[in-house]
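Under the numbering used here, the first residue of the sequence shown carries the number 26, and numbering increases by one thereafter. Report on the structure given below.
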Amino acid sequence: MARRILITGGAGFVGSHLAEALLERGNEVRVFDSFAEQVHHGNLPSALRADTELVVGDIADLSAVQQATQGVDTVIHLAAAVGVGQSMYEIARYVSTNTLGTANLLQALLANENQIEKLVVASSMSIYGEGKYFCASCGEIASGVRTASQLAAKDWELRCPRCSEALTPIPTDESKPLQCSSVYALSKRDQEEMCLLFGRTYHVPVVALRYFNIYGPGQSLSNPYTGVAAIFASRLLNRKPPLIFEDGKQMRDFVSVHDVVSATMLAMEHDTANGRAINVASGAPVSVREIARNHRQASRRRHPPLFCRYFCG
């Protein structure tokens, strides 16, 4: 059955892929986006199809959000300011866009005469902080953050809080306690928890999807806050070496934007995950060193990685 779907932040990397996939299935799609200069540089995304209904507005503007939510039966909430590092010095903007923006969306949905059929919200793996680890002596560990003195000594390994042995990373499932270590992560947790609470209170089916590191065609290479894969690609295309912090052995999970779109549509179309937060990942760990090597091979650039082994505390 065709739906009338609102995608907040729908002109972005994930949103434009998702809008196309939803239109292919016969749905009506409305995209609400502010076209932030940092992301779009004043240009409309070429990936958006002509049959997409486009509404320009700021998620932090309640009246604009109220207008955008009229007449839809499904909402996929992707709108967010993205970037861990930037969130630590643009605190007000991140909280306004992510936390207040989500509050505006929920307020607008509450005021609608017709209750929506489904709300899917984009959460983030960043809310876990450090992932899950295994200690050979003590078993599974949800480690804390590394201390300033440890980093100053260039001891990059996470260590067991009980026996101080180096930990081995293992897959992080949804049971791992949340540990926000940035304003961005805190605001994404706000988005997730507010939407799930709204769903429980007003009997609206809500699913929170904790996206891991997303890559794929159409990802911005000019936005420095899109992640390590895009940053490495941008540096190599500009004939600069990939810049690796610490020893490059940090493990990451990278998931294709096509898989993210599929997971999002499954969450929208089925009831299995209603009321829950679900990881969206590949399940395959990749080190930062491997990412740099793969990018060098794909781009045919010879620039070896530049390691930055220091700590500023």
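Beta carbons: idealized from backbone N, C-alpha and C, even for Gly. The structure presented is a predicted model; accordingly, all values stated were derived computationally and were not measured.
Within 9 Å, strictly: CB atoms of residue i and residue j
i    : j    : result
Y119 : S212 : yes
V313 : C220 : no
L87  : A133 : yes
Y209 : S151 : yes
V97  : I166 : no
F279 : S324 : no
E271 : C333 : yes
V232 : A292 : yes
A72  : G273 : no
V282 : H42  : yes
L39  : F60  : Leu is not the amino acid found at residue 39; the sequence shown has Val there. In this structure, F60 does not lie closer than 9 Å to V39 by Cβ.
L125 : A85  : yes
A93  : N52  : no
L268 : L331 : yes
S121 : Y236 : no
C160 : C188 : yes
Q216 : T127 : yes
CB-CB length for residue i against residue j, believed under 8 Å
i    : j    : result
M290 : A36  : At roughly 18 Å, the Cβ-Cβ gap does not stay under 8 Å, so M290 and A36 are not in contact.
I32  : V54  : 6 Å
V109 : S207 : 5 Å
G252 : N238 : 6 Å
L203 : R214 : 6 Å
N123 : A106 : 6 Å
I30  : T99  : 5 Å
S17  : P186 : The chain is shown only over 26 to 338; residue 17 falls outside these bounds and no answer can be derived.
R264 : R326 : 7 Å
E155 : L183 : 6 Å
Reduced DSSP category for residue i - H, G, I as helix; E, B as strand; rest coil
i    : result
K213 : helix
H42  : helix
D284 : helix
L268 : strand
Y114 : coil
T122 : helix
I141 : coil
S324 : helix
H228 : coil
I316 : helix
T127 : helix
R74  : coil
I84  : coil
E165 : strand
A298 : coil
A233 : strand
V107 : coil
R187 : coil
A61  : coil
M90  : Strictly speaking, residue 90 in this sequence is Val, with Met absent from that position. In this structure, V90 counts as helix in the three-state DSSP scheme.
L31  : strand
N220 : It is Cys, not Asn, that sits at residue 220 in the sequence shown. The answer is helix: DSSP assigns C220 an H, G or I state.
T193 : strand
S149 : strand
T99  : strand
R260 : helix
M26  : coil
L47  : helix
K305 : The sequence given here has Val at residue 305, not Lys. DSSP places V305 in strand when its eight states are reduced to three.
Assigned exposure category for residue i - 16 Cβ within 10 Å defines buried
i    : result
D198 : exposed
D58  : buried
R50  : exposed
Y158 : buried
Y240 : buried
N129 : buried
G34  : buried
A302 : buried
L234 : buried
A44  : buried
K143 : buried
L262 : exposed
A309 : exposed
A178 : exposed
Test: residue i CB closer than 9 Å to a CB of chain B
i    : result
S281 : Protein chain content of the structure displayed is limited to a single chain, and chain B is not contained in it.
Check: residue i C-beta below 8 Å from any heavy atom of the ligand SAM
i   : result
R74 : In terms of ligand content, the structure shown is empty, and the ligand SAM therefore cannot be addressed.
How do the stretch 255-271 and the stretch 161-172 stand: do at least 3 beta-carbon pairs fall below 8 Å, yes or no? Pairwise C-beta distances place the stretch 255-271 out of contact with the stretch 161-172, as fewer than three of them are shorter than 8 Å.
Touch test, the stretch 316-328 against the stretch 71-87, Cβ-Cβ under 8 Å, three pairs minimum: Counting Cβ pairs under 8 Å, fewer than three are found: no touch.
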